[in-house]
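Worksheet: one structure, shown below.
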Amino acid sequence: MRAFKLALLILALLPTIWLRETPPPPPRNPAIRLVDLMPALRGDLPQTGGLQLMGAWQIVGQSRTLGTLSGLAQTATGFVAVGDRGGVLNFSRPDMPGRWTARPDRLVHLDWQKYHYPTDAESVFVEPVSGALFVGYEDAAMLERFSPDFTRRQRIPLPALAEWPENQGPEAMTRLTDGRTVIVGESYSHWLDRTRHPGLIFRGIPRPFEAPARFELVMPAGYRPTELAQMPDGRLLVLGRHFNFASFASVVAIFAPQEVQPGGTVTPRVIAHINDPRIRDNYEGMTVTREADGSQIVWLVSDSNEMAWAQRTLLLKLRIGPEVR
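Structure representation (C-alpha cells):
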C-alpha cells in the first residue's frame, strides 16, 4: 500500500515540483458533510453488472480521516470506517430518514503515541454481541481488539502476518457466521503468478500467536483484494482493485464459504465491474446489509489517499439482483 501511494504521489507531482510550508492542523471539530451524487446520475445510471446502483455520495470535510478510509464495517448505529493514519469515522446510514451524522475518532490518541502503536489500518470487522472492533494493519504482525468507544485495546500478535510485506499486508478480513476469521493479503503467493493471494483461516476470533490454516484466493489478472464481506444469505464477496497510473477500476466477486478450506484454492466469480468514470475510485472498504424487504445491499467506501485534487471519498449503495444467484 505504501508503494502504491508513493506511486500516486509521484504521478501527481510530475508536472510541477515545489516547496510548500507545512499546512496548518485541521480544526478540532471539523465539519463533515454528505453530497448526494445521484441527481446527476439519474436517467443514465452507471452499469455495474450484477449490482444495481441505488445511491452514491461523496463525504467531504476538513478531517484528514476522510482521505484514508480503508476498511468498513457495521455497528449498532450505522457504519464505522478505519483509515491509514489511525483515523476512524463513525457515521449513520445516508439513506435513512433524518439528519445524517458523522463523528471522527482515532485509533491512536496522543497519550498512546509513546507506546508506538501502529496506525496503518486496512481492515476491520465488528463482533456483533459485544460491539468490539478487530483491526488489521499493514505494518504490524498483529490484530488489535478495541472496545466500541476505542478507550480500551488489546493486541493480538499473529506471527503469520509477519510473512507478508509491510505494504501488502492484511487488506481483507471478515468474521464468518460459522465462527471462523478469514484474512487475505494484498501480496502475491508466488513470484510468477500475479493472480494468487495468500489467505489465513482462524478457527474463531484469532488468539495470540495462533497458527492459522492457509488457502489461496485467485483474483482476476491485475486486481488485488481489498476487502471481504459475508452476505446475510451466507455467500462471501471479495472487493478487488486495479490501478494503472491513469485510473482505478474495481470488481466485486462472489464465492461460497465452504470453498474456504485449509490447503484449498478459491476462485470467486466476478459479478460486477465498477469502472464508470463518474463513480470509479480507490474502493477499499465493503460491508453488506439486509434490508427490511429482504434484499441485500453492498456498501463500498473509497480511500482518496488524501489527494483531493485527484480522488474522492465516495460511498456507494448497490443492490444485489436475482441474476447473481
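Numbering (the working numbering), first residue to last: 3 to 327.
A virtual CB, placed ideally from N, CA and C, is assigned to each residue, including glycine.
Quick check: what's the CA-CA separation for residue i versus residue j?
i, j, result
"Ile-276", "Leu-316", "13 Å"
"Ser-297", "Leu-318", "16 Å"
"Ala-255", "Gln-76", "20 Å"
"Gly-45", "Leu-320", "17 Å"
"Pro-106", "Thr-153", "14 Å"
"Gln-60", "Val-90", "17 Å"
"Asn-92", "Pro-167", "29 Å"
"Glu-212", "Val-137", "16 Å"
"Thr-289", "Asn-246", "26 Å"
"Asp-305", "Arg-292", "24 Å"
"Gly-85", "Leu-47", "29 Å"
If you run the structure through DSSP and keep just helix, strand and coil, what is residue i?
i, result
"Asn-92", "strand"
"Ala-164", "helix"
"Leu-316", "strand"
"Glu-124", "strand"
"Glu-261", "helix"
"Glu-23", "Because Glu-23 sits at a pLDDT of 30, beneath the cut-off of 50, its placement in the model cannot be relied upon, and the following sentence gives the value as read from the coordinates. Residue state, collapsed to three classes: coil."
"Asn-31", "Because the pLDDT at Asn-31 is just 49, under 50, the model does not fix this residue reliably, and the point stays unresolved."
"Gln-170", "helix"
"Leu-39", "coil"
"Leu-178", "coil"
"Leu-47", "coil"
"Leu-230", "strand"
"Leu-68", "helix"
Tell me, to the nearest whole angstrom, how far the beta carbon of residue i is from that of residue j; I am working on the premise that it is less than 8 Å.
i, j, result
"Ala-83", "Gly-73", "6 Å"
"Gly-242", "Ser-252", "6 Å"
"Pro-210", "Ile-158", "5 Å"
"Tyr-139", "Glu-124", "7 Å"
"Glu-229", "Gly-287", "6 Å"
Which residues in the same chain have their Cβ closer than 8 Å to the Cβ of residue i, if we skip the five residues on either side of it in sequence?
i, result
"Gly-201", "Val-184, Ile-185, Val-186, Gly-187, Arg-216, Phe-217, Glu-218, Leu-219, Val-262, Val-268"
"Gly-323", "Gly-52, Leu-53, Gln-54"
"Asp-97", "Met-56, Gly-57, Lys-319"
"Gln-49", "Asp-278"
Identify, in the order they occur along the chain, each residue of the same chain with its Cβ nearer than 7 Å to the Cβ of residue i, setting aside the five sequence neighbours on each side.
i, result
"Gly-51", "Ile-273, Ala-274, His-275"
"Arg-35", "Val-62, Gly-63"
"Met-40", "Gly-57, Ala-58"
"Tyr-190", "Arg-196, Arg-198, His-199"
"Ala-143", "Pro-159, Leu-160, Pro-161, Leu-163, Ala-164"
"Thr-179", "Gln-232, Gly-236"
Determine the closest residue to residue i out of the options, with distance taken between C-alpha atoms.
i, options, result
"Gln-313", "Val-90, Val-303, Ile-299, Arg-177", "Val-303"
"Ser-94", "Val-131, Ala-78, Asp-283, Tyr-225", "Ala-78"
"Arg-147", "Asp-141, Leu-135, Glu-140, Tyr-139", "Leu-135"
"Arg-196", "Gly-89, Arg-44, His-244, Pro-41", "His-244"
"Arg-101", "Gly-80, Ile-203, Thr-121", "Gly-80"
"Ala-174", "Gln-232, Arg-155, Ala-33", "Gln-232"
"Ala-258", "Leu-239, Val-300, Val-126, Pro-264", "Leu-239"
"Ala-223", "Pro-208, Pro-214, Leu-194, Phe-204", "Leu-194"
"Ile-299", "Pro-234, Pro-214, Val-131", "Pro-234"
Ignore the nearest five residues each way along the sequence and tell me which others in residue i's own chain have a CB closer than 6 Å to its CB.
i, result
"Gly-181", "Gly-206"
"Pro-150", "Gly-133"
"Asp-141", "Pro-120, Asp-122, Glu-168"
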